[in-house]
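One structure is given below, encoded as structure tokens.
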Amino acid sequence: MQVSLNFSISSRVFCSFCLVALLGVTAKARAQSPEGDSERDTGDQASPARARDAIPVSVPPVTPSLLGPGRAAPHVYVGAEGGWDGARRGPIVETNVEAAVVGPVSFRAGAAVNPSDGRASPLFALKVDVLNQARHGIGAAVFGGYRGQGFNLVPAMEFGVVLGRRSERLSLVSSVAYGQGLERGERYGDVRVAGLARVHPRANVNVGLDARVRFDLEYDDDEPSGEALLDGIAGPIVVWGIGRFAISGQGGVGVVTPRLGGTTQVGATGRLGLGAAF
1064 MQVSLNFSIS SRVFCSFCLV ALLGVTAKAR AQSPEGDSER DTGDQASPAR
1114 ARDAIPVSVP PVTPSLLGPG RAAPHVYVGA EGGWDGARRG PIVETNVEAA
1164 VVGPVSFRAG AAVNPSDGRA SPLFALKVDV LNQARHGIGA AVFGGYRGQG
1214 FNLVPAMEFG VVLGRRSERL SLVSSVAYGQ GLERGERYGD VRVAGLARVH
1264 PRANVNVGLD ARVRFDLEYD DDEPSGEALL DGIAGPIVVW GIGRFAISGQ
1314 GGVGVVTPRL GGTTQVGATG RLGLGAAF
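Going by this note's numbering, the letters in the sequence shown line up with residues 1064 to 1341, in that order.
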């Protein structure tokens, strides 16, 4: 009973944090953004020449599953990644298309294969940029969407905040999200962070780290056998930008901790990704 109460409180605190962050970031953007500004770029696309030499989009070529602040550059981004999750002992497959809709609004659609059961499911998200790096020193966006398989394979709605900053040699992005399952009263948190440093400017070779963790926020109801308490993947990543294209490779470690007994599963993970901006 005490455990259920603690996790129920934790889920409410996490929800409140996400809501306050969304409201706070939006309010700050409205207060600081000048009237009549039609451009909502984050400063990533300083000029056409620099845009061609840079990674096409601030984050998707690095981690296709992570929404970053800033619009798809210049209009549409297409990405896909595939690999193996040693902790869940299954394949990793995810595809995404992100398109600038109007002003600060972008839309993303795609599909993902869950390594636990090999099933594919759709995903959709709407993102609104609320802070501009050129004006505010940091890029920020709020997003909301649907995942056919959220945490513990339950369809879910996700809402969150993403922050990012990019310079000529360094890119950083992080996000925090709350997921509300549409079945079994599931609730979960999702935290992701990625960073890249350009190590060879002329060849546009970038290295960095990518980490993501999801954790259960629901302990009130009976849980099915094998449900996870948390899962995560972390490891080094390399991205090579070639004009409008970007090739990425990542290795690392995956972890899955079951909620009711069982043994924590740890295994090697690997991913290869390809992205293009049009």
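All C-beta atoms in this analysis are idealised placements derived from N, C-alpha and C, irrespective of residue type, glycine included.
Taking the beta strand (DSSP E) that residue 1196 falls in, what are its first and last residues?
Segment 1196 to 1199 is the alpha helix (DSSP H) holding residue 1196; no beta strand (DSSP E) there.
For residue 1331, I'd like the list of residues in its chain whose CB is within less than 6 Å of its CB, leaving aside the five on either flank, ordered along the chain.
1149
How is the beta strand (DSSP E) around residue 1332 delimited, first residue to last?
Per DSSP, residue 1332 is one residue of the beta strand (DSSP E) stretching across 1328 to 1340.
Is residue 1267 helix, strand or coil when you go by DSSP?
coil
Within its chain, find whatever has a CB closer than 6 Å to the CB of residue 1268; leave out the 5 residues flanking it on each side and keep chain order.
Close CB contacts of residue 1268 within its chain, under the 6 Å cut and outside five residues either way in sequence, are with 1262, 1303 (chain order).
Within the same chain, show all residues whose beta-carbon is closer than 6 Å to that of residue 1144, passing over the 5 residues directly before and after it, in chain order.
1127, 1157, 1334, 1336
Between which two residues does the beta strand (DSSP E) holding residue 1169 run?
1168 to 1176
Report the residue from 1250, 1139, 1246, 1274 whose alpha carbon sits nearest the alpha carbon of residue 1235.
1274
Could you give the C-beta distance for residue 1200 and residue 1178, rounded to a whole number, given that I count them as a contact under 8 Å?
About 38 Å separates the two Cβ atoms, so there is no contact after all.
Give the C-beta separation of residue 1293 and residue 1320 to the nearest angstrom, bearing in mind that I take them to be a contact with Cβ-Cβ under 8 Å.
5 Å
Can you tell me the Cα-Cα spacing of residue 1237 and residue 1218, whole angstroms?
23 Å
Which residue's Cα is closest to the Cα of residue 1259: 1232, 1279, 1186, 1246?
For residue 1259, the nearest C-alpha among the options comes from 1232.
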